[in-house]
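To keep things clear, I will list the structure first and then write my remarks on it.
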């Protein structure tokens, strides 16, 4: 993740660097993405890039984390809207992510990430062992468990894992399909 020097930058400069990262990783697959292009687009010296990030992989991880943080915010909003119902929240989150009007840069960025994972046959569902879900009903997330007929505290963790896996698989297929259709349109025209 970015070094503290990156977070100490003024908001406008951070956003300019973020846009340069998104643009470079959307225009090029990871292997062809260039730190030189990133610093040129961001208007920063080469040395500054390495004061902010370890390397280009670190920069890409930051962009992915930023997207996931926005998704977490949306989950919190949807859980509140759905009175803690995790099933309605999962459906609403799916619709939010699929129906969202992604700009061309975002679509290409997703395409490059998904294609890299698929081309290298990386198991996109492999995850480190999930930490136990503790304090489900805290200030951050409220999940209504009274209608779930849970036998023990681990059951909610299992339900969340299943829903996450299904959601992830469906989103990857939908995004990949959208990207593939868009590419087909461009090559036909």
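Numbering (my numbering), first residue to last: 18 to 206.
The beta-carbon is built from N, C-alpha and C at its ideal position, and this holds for glycine as well.
- Contact holds between the segment 159 to 172 and the segment 88 to 108, because three or more Cβ pairs, one in each stretch, are under 8 Å apart.
- The segment 34 to 53 makes contact with the segment 120 to 128, as at least three CB pairs between them are under 8 Å.
- Inclusion of residue 69 and residue 23 in the CB contact set at 8 Å is warranted, their separation being smaller than that value.
- A straight-line Cα-Cα distance of about 15 Å links residue 187 and residue 177.
- Going by beta carbons, residue 18 and residue 78 fall inside the 8 Å limit.
- By the Cβ neighbour-count rule, residue 129 is buried, with 16 or more other Cβ atoms within 10 Å of its own.
- DSSP places residue 70 in the coil class of the three-state scheme, outside both helix and strand.
- By the Cβ-count criterion, residue 66 is buried, with 16 or more other Cβ atoms from all chains shown falling within 10 Å of its own Cβ.
- Here residue 25 carries a coil assignment [DSSP, helix/strand/coil].
- DSSP places residue 162 in no alpha helix (DSSP H); its state is neither H nor E.
- Counting only the Cα atoms, residue 108 lies some 18 Å from residue 174.
- Here residue 59 is near residue 33, since their CB atoms are less than 8 Å apart.
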